[in-house]
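Asks:
There are 2 protein chains.
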Amino acid sequence: MSTQQGFERRYQAPEREPIIEVDERLFLKSAARSFYVLEAFARSPRPLSLAEVAKAAKISKSAAQRVVQTLLVLGYLERSPTGTGVVPGRRILDRSFDYLRSNPLIERATPILTELRKTCGERVDLSLFDDVTILYAIRLQSKRETFYATLSGRRMPTFATAGGRAMLAFLDDRHADDIVRRSKLAPLTPKTLVDPVLIRQRIEEARRDGYASVLEESLMGEIVVAAAVVKERNMPVGAIHIAGSLADWSAEDFRKRFAPLAIEAARALSG
Amino acid sequence: MSTQQGFERRYQAPEREPIIEVDERLFLKSAARSFYVLEAFARSPRPLSLAEVAKAAKISKSAAQRVVQTLLVLGYLERSPTGTGVVPGRRILDRSFDYLRSNPLIERATPILTELRKTCGERVDLSLFDDVTILYAIRLQSKRETFYATLSGRRMPTFATAGGRAMLAFLDDRHADDIVRRSKLAPLTPKTLVDPVLIRQRIEEARRDGYASVLEESLMGEIVVAAAVVKERNMPVGAIHIAGSLADWSAEDFRKRFAPLAIEAARALSG
DNA sequence: GCATCGGTATCGATGGTCGATACAACCGTT
DNA sequence: AACGGTTGTATCGACCATCGATACCGATGC
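Just so you know, the protein sequences line up as chains L and Z, in that order. Here the first sequence stands for residues 1 to 271, where the numbers follow my numbering. Here the second sequence stands for residues 1001 to 1271, where the numbers follow my numbering.
#1: At which residues does the beta strand (DSSP E) containing tyrosine 1136/Z begin and terminate?
#2: Can you round the beta-carbon distance between alanine 1166/Z and alanine 1206/Z to whole angstroms, since I take them to be within the 8 Å contact cut?
#3: Which residues bound the beta strand (DSSP E) around arginine 155/L?
#4: Bridge partners for arginine 1079/Z per DSSP, in chain order?
#5: Residues of chain L with CB under 7 Å from lysine 1118/Z, in chain order?
#6: Got a sec: is the Cβ-Cβ distance from phenylalanine 170/L to anything in chain Z below 8 Å?
#7: Answer yes if the stretch 1194-1204 of chain Z comes into contact with the stretch 1234-1242 of chain Z, meaning at least three C-beta pairs across the two stretches below 8 Å, and no otherwise.
#8: Quick one: give me the first and last residue of the alpha helix (DSSP H) that valine 1053/Z is part of.
#9: Is the shortest distance between the beta-carbon of glycine 121/L and the beta-carbons of chain Z less than 8 Å?
#10: Nearest chain Z C-beta to proline 18/L closer than 8 Å, yes or no?
#11: Taking only the alpha-carbon atoms, compute the straight-line gap between tyrosine 1099/Z and leucine 28/L and give it to the nearest angstrom.
#12: Mapping DSSP to helix, strand and coil, what is leucine 219/L?
#13: Please report the distance separating the alpha-carbon of lysine 143/L from that of lysine 118/L.
#14: Valine 1073/Z lies in the alpha helix (DSSP H); which residues open and close that run?
#15: Under 9 Å Cβ-Cβ, which residues of chain Z neighbour alanine 137/L?
#16: Given a threshold of 16 other Cβ atoms within 10 Å of its Cβ, counted over all protein chains shown, does glutamine 201/L qualify as buried or as exposed?
#17: Have a look at serine 1127/Z and isoleucine 1134/Z and give me their C-alpha separation to the nearest angstrom.
#18: Could you say if the stretch 1101-1117 of chain Z and the stretch 55-74 of chain L meet the contact criterion of at least three C-beta pairs nearer than 8 Å?
#19: By the criterion of Cβ-Cβ separation under 7 Å, what are the contact partners of threonine 1150/Z in chain L?
#20: Do the stretch 218-235 of chain L and the stretch 253-271 of chain L touch if we need at least three Cβ pairs shorter than 8 Å?
#21: Threonine 1084/Z and proline 1047/Z - do their beta-carbons sit closer together than 8 Å?
#22: Any Cβ of chain Z within less than 8 Å of the Cβ of phenylalanine 254/L?
#23: Taking the alpha-carbon positions, what's the methionine 220/L to threonine 150/L distance?
#24: Closer than 8 Å by beta-carbon distance: list the chain L residues that pair up with threonine 1114/Z, in chain order.
#25: Evaluate contact between the stretch 1086-1103 of chain Z and the stretch 90-99 of chain L, counting only Cβ atoms and requiring at least three cross-stretch pairs below 8 Å.
#26: Using a Cβ cut-off of 8 Å (strictly closer), state whether threonine 70/L contacts chain Z.
#27: Alpha carbon to alpha carbon, what distance is there between glycine 1164/Z and proline 1157/Z?
#28: Using the beta-carbon count (16 or more within 10 Å), is aspartate 172/L buried or exposed?
#29: Let me check one thing: in DSSP terms, what residues is glutamate 121/L bridge-paired to?
#30: Find the residues of chain L that neighbour alanine 1042/Z, judging by a C-beta separation of less than 7 Å, and give them in chain order.
#31: Who does glycine 1238/Z pair with in a DSSP beta bridge?
#32: Would you call glutamate 1024/Z buried or exposed, if buried means 16 or more other Cβ atoms sit within 10 Å of its Cβ?
#33: With a Cβ-Cβ cutoff of 8 Å, do glutamine 65/L and leucine 1077/Z count as a contact?
#34: Whose C-beta lies closer than 6 Å to the C-beta of phenylalanine 41/L among residues of the same chain, with five residues either side of it excluded?
#35: Kindly list, in the order they appear in chain Z, the residues whose Cβ is closer than 8 Å to that of proline 45/L.
#36: According to DSSP, is glycine 244/L part of a helix, a strand, or is it coil?
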């Protein structure tokens, strides 16, 4: 259920690196409004009435009416089958298809992950680095998964995930600390580390070992090992996760067995 | 409702059913422009320069500049890592996450498909009906899959897929024929049926058997059985596919073994 | 050197969008 | 049966956001 729509939405100021900060005058407010409407469903995944849309997107009812009509025509919204309100439309999936297909990393990763999934028999994920969150792009489930563990497009806090920490380990301390500092350090489970000092310690371990491992920090009963995929100059761009259940494995066995596989797969994708 | 326009893009005139035809004056041209830009990547999944964007979206270079800047800020576009041009942005995945999460069918289907995947050991898909195309929403791969067979958001022609025919079998003849007629009957493989008479015959078989089966019609070496998921009034909304390789199975064995499983899963989702 | 391509920035005119408002249809409740 | 509450739909003049020609800067290439 944790929608966690991650820490604070809304795009103001990429604020990372003061690169050029798009010119106000080139920003199309009316275009942005459409996306604000679509984003309303990140907070409430159910049919929204016109009034609710207007409120969520902070626009007038009239504006909402126009945006909704437009998005209905384009297929990015659909009338709710329940009769009232609108829901996200199928055409959105076309765009995510384009995204996945346009990203060379995804394409190269797919066969490697498939192979990895076969040898492991456990869930295998590819996540993408995105500042204070990571974004799951490919998810190959094993058996018995929760609904959200199957969805790509899910975001998780960088600081609390194996993949996130594996990626932070490739940043310099200043940058990594900055990300932790800007993260909302809310525990996802009773075991989530929220003390920046402890988190930093784990990051250093990851730096030393070449992989990160978290134990029940985002889901009770779950153990994950992950290794970062890096580009030139060792910039982390993604991570390969292998996730298993403590019902099947001891933490030590799991790490010993799967960490090398994650590292190898990540290395095959790097460079 | 259904936004058809299968292969052919662009939304002019839903032209199907003269239902209310959204008021011209409520259609936000400037908002639509942003989506035209995003859709440019459906045709060419690679970085596009400003000029290319302008051309693809049929807007001026200035307009392209503004749209691109805006979408960059919002995260729906990203600068290409190769230095020049833009590519679809990660934020798109957030929206597809919202879509999947908002759709009750997807949520209900997930555990059923997971279970089905486990008992079958073959690839299992959930597709959604969308007029002349079907749209893959959930894909659980087995081993050795092609890249495109792993991507949700992929569209395939309704007439040539097992799921598509299973769904057509639940429409009345007029409607089914109409969909076939409006489809671009281009063969995907040497074995694709393109004769409307033969296609209709297969649809009738599906109606009789409660499932459809296609043999190498969309991918050589592949056999697929599928059963339709229907709503009230027996309207088809999706289909469950089970896909295997002819290297592992005879067509007959495959059908005998998996068709009942597809039917049962689809029935569990229907109603 | 010149040509061509990439992205960026400027600015006044114009027309697309704004939003208050009214309307229609549906629900329960009293 | 009129009510107050939804829902979605439709109208219209005023204004300001957007338009697009144009100029600019930097790389790259011959």
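By construction, the Cβ of each residue, glycine as well, lies at the ideal position given by its N, Cα and C atoms.
Replies: So, from the data block:
#1: 1133-1140
#2: 5 Å
#3: 155-157
#4: Val1086/Z
#5: Lys143
#6: Contact of phenylalanine 170/L with chain Z is not assigned, every C-beta pair being separated by 8 Å or more.
#7: no
#8: 1050-1057
#9: no
#10: Any reading at proline 18/L must be qualified, since the residue scores a pLDDT of 31, below 50, and its modelled position is unreliable; the value itself is stated next. So no, proline 18/L is outside the interface.
#11: 25 Å
#12: coil
#13: 12 Å
#14: 1061-1074
#15: Contact note: alanine 137/L reaches chain Z through Arg1090 and Leu1093, using a C-beta cutoff of 9 Å and chain order.
#16: exposed
#17: Straight-line Cα distance between these residues: approximately 6 Å.
#18: no
#19: Within 7 Å Cβ-Cβ: Thr110.
#20: Yes, the stretch 218-235 of chain L is in contact with the stretch 253-271 of chain L.
#21: yes
#22: no
#23: 17 Å
#24: Gln141, Lys143, Arg144, Glu145 and Thr150
#25: yes
#26: yes
#27: 7 Å
#28: exposed
#29: A quick correction: the sequence has glycine, not glutamate, at residue 121/L. Its beta-bridge partners do not exist; DSSP assigns none.
#30: Asp94 and Asp98
#31: Note: glycine 1238/Z sits in a beta bridge opposite Leu1128/Z and Val1229/Z.
#32: With fewer than 16 neighbouring CB atoms inside 10 Å of its own CB, glutamate 1024/Z falls in the exposed class.
#33: no
#34: Pro88
#35: Asp1098, Arg1101 and Ser1102
#36: strand
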